[in-house]
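Structure first, then comments.
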Ligand SMILES: *Cc1c(COP(=O)(O)O)cnc(C)c1O
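Right under this line is the structure:
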């Protein structure tokens with residue numbers, strides 16, 4: 004127990020690396036005083052749209068609000084079904100249920116992302132009920148963009164919109180497109196632990212659809228119309244991104260590509276040294292993960308493995324310990340025919356290793372050694 008404890012995600016190291024730039028950016032906002040929708044918000048939105056390669060980036064208060072507002076813009080409500088993977092963070096299904104619609108759970112494939120076969124079975128099942136299928140929310144889990152080449156045509160055939168949950172994949176790529184540009188609309192999160200994080204909650208919607216972007220801009224300020232804040236043309240929310248968070252994000256975006264490269268190198272090293280010991284995350288050719296998490300599948304019992312790593316000062320986390328379909332809040336929701344066998348297996352056996360751009364080589368070495376030893380002893 005004497006080994007020095009490693010950070011799972013080291014935001015302090017990032018702040019040190021940025022050497023006062025974040026503090027200065029925050030101080031400028033405190034000084035100019037435009038705390039709501041200040042100039043940094045529009046500046047960040049331009050930079051985000053250029054980075055992702057879409058016409059519109061609309062910033063908002065969280066990744067959850069980004070998902071929610073796209074569903075609101077599509078008038079999702081009671082009687083509607085929206086297909087979501089069962090192996091994801093609760094927010095993906097929560098926004099559907101919050102609007103009175105029904106989340107329908109789909110299984111995932113070996114890459115941890117929505118399985119198009121399971122999706123097709125779920126769509127056909129819903130077609131035989133009173134529910135009306137409206138949309139699909141594929142999740143780019145752990146930073147790896149989902150299989151949009153398979154999902155898009157399925158969705159089109161059945162008249163469903165696709166909303167990319169890119170909360171974990173900002174910076175990821177798939178066949179020449181950046182995460183956020185793979186579907187009609189995408190939602191990302193700037194929660195501090197995400198690849199691009201702010202100093203609180205934040206998020207954004209990405210789309211090429213001007214009409215949708217305008218609706219989101221209205222929804223995030225109480226459904227305001229052309230006449231401004233006191234002209235309310237639809238039911239909206241308080242969904243704005245704080246100017247201070249935009250200022251933080253502008254500074255972090257400037258070093259983001261270097262951070263992404265550092266994450267990629269660490270993932271490569273983990274892959275090389277651990278592929279014979281555990282199941283390492285698969286990355287299909289032509290696809291690049293943003294490495295929000297480096298998640299392995301264990302050949303041994305998880306609790307003992309986690310305890311062995313902890314004893315060496317190596318923290319781990321479990322994303323996610325339970326299928327959403329087995330959570331009390333979602334147990335009544337429909338599940339794709341054939342069930343969710345991959346989701347259940349992963350929920351029992353996945354574990355994530357420390358991953359952040361400032362993880363030093365010798366620390367990576369210690370983590371790799373601890374994983375190898377823990378599996379050998381199990
Ligand atoms: C983090 C996350 C969200 C929600 O983002 P918040 O900014 O925390 O609201 C949604 N979906 C997935 C897959 C996430 O990981």
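In our numbering, the protein residues as written are 4 to 381.
Here a beta-carbon is modelled for each residue, glycine too, at the ideal position from N, C-alpha and C.
If you're wondering where the values come from, they're calculated on a predicted model, not measured in any experiment.
{"Item": "Residue 313 - DSSP class collapsed to helix/strand/coil", "Value": "helix"}
{"Item": "For residue 329, the three-state DSSP class (helix, strand or coil)", "Value": "helix"}
{"Item": "Counted within 10 angstroms of its Cβ, other Cβ atoms place residue 151 as buried (16 or more) or exposed", "Value": "buried"}
{"Item": "Residue 59 to residue 245 span [Cα, whole Å]", "Value": "18 Å"}
{"Item": "Reference residue 366; option with closest CA among 88, 318, 324", "Value": "318"}
{"Item": "Heavy atom of ligand 1 within 7 Å of residue 168 beta-carbon", "Value": "yes"}
{"Item": "Inter-stretch contact (C-beta, 8 Å, three-pair minimum) for the stretch 238-256 and the stretch 30-47", "Value": "yes"}
{"Item": "Alpha carbon of residue 105 to alpha carbon of residue 67, nearest angstrom", "Value": "17 Å"}
{"Item": "Member of 148, 162, 178 whose CA lies at the smallest distance from the CA of residue 190", "Value": "148"}
{"Item": "Range covered by the beta strand (DSSP E) that runs through residue 106", "Value": "105-109"}
{"Item": "Closer than 7 Å: residue 130 CB and nearest ligand 1 heavy atom", "Value": "no"}
{"Item": "Simplified DSSP assignment, three categories, for residue 11", "Value": "coil"}
{"Item": "Own chain, CB closer than 6 Å to residue 16, minus 5 neighbours either side, in chain order", "Value": "361"}
{"Item": "Three-state secondary structure assigned by DSSP to residue 336", "Value": "coil"}
{"Item": "Per DSSP, the bridge partner or partners of residue 232", "Value": "Answer is none; residue 232 lacks a bridge partner."}
{"Item": "The stretch 77-91 contacting the stretch 133-142, beta-carbon criterion three pairs below 8 Å", "Value": "yes"}
{"Item": "Range covered by the beta strand (DSSP E) that runs through residue 166", "Value": "164-168"}
{"Item": "Cβ neighbour criterion (16 or more within 10 Å) applied to residue 38", "Value": "exposed"}
{"Item": "Distance cut-off 7 Å: residue 92 Cβ against heavy atoms of ligand 1", "Value": "yes"}
{"Item": "Identity of the residue in 94, 243, 114, 359 nearest residue 284 by Cα", "Value": "114"}
{"Item": "Own chain partners of residue 94 with C-beta closer than 7 Å, once the 5 adjacent residues on each side are dropped", "Value": "66, 67, 70"}
{"Item": "Ligand 1 heavy atom lying under 7 Å from the CB of residue 194", "Value": "yes"}
{"Item": "Beta-carbon proximity of residue 221 to residue 243, cut-off 8 Å", "Value": "no"}
{"Item": "Pair within 8 Å by beta-carbon distance, residue 278 and residue 300", "Value": "no"}
{"Item": "Any non-hydrogen atom of ligand 1 within 7 Å of residue 245 CB", "Value": "no"}
{"Item": "Which listed residue (292, 354, 22) has its alpha carbon closest to that of residue 321", "Value": "354"}
{"Item": "Residue 102 Cβ short of 7 Å to ligand 1 heavy atom set", "Value": "no"}
{"Item": "Local conformation of residue 281 per DSSP, three classes", "Value": "coil"}
{"Item": "Helix, strand or coil at residue 47 [DSSP, three-state]", "Value": "helix"}
{"Item": "Where residue 227 falls: helix, strand or coil (DSSP)", "Value": "strand"}
{"Item": "Supposed contact pair residue 109 and residue 101 - C-beta distance, whole angstroms, cut 8 Å", "Value": "Not really, about 19 Å apart at Cβ, beyond 8 Å."}
{"Item": "Separation of residue 255 from residue 25, as counted between CA atoms", "Value": "8 Å"}
{"Item": "Through-space distance from residue 332 to residue 371, alpha-carbon basis", "Value": "37 Å"}
{"Item": "For residue 5, three-class secondary structure by DSSP", "Value": "Interpretation of residue 5 is limited by its pLDDT of 41, a score under 50 that renders its predicted location unreliable; the figure taken from the coordinates is listed afterwards. Looking at residue 5 - three-state DSSP - the assignment turns out to be coil, as it is neither helix nor strand."}
{"Item": "Check: residue 142 C-beta below 7 Å from any heavy atom of ligand 1", "Value": "yes"}
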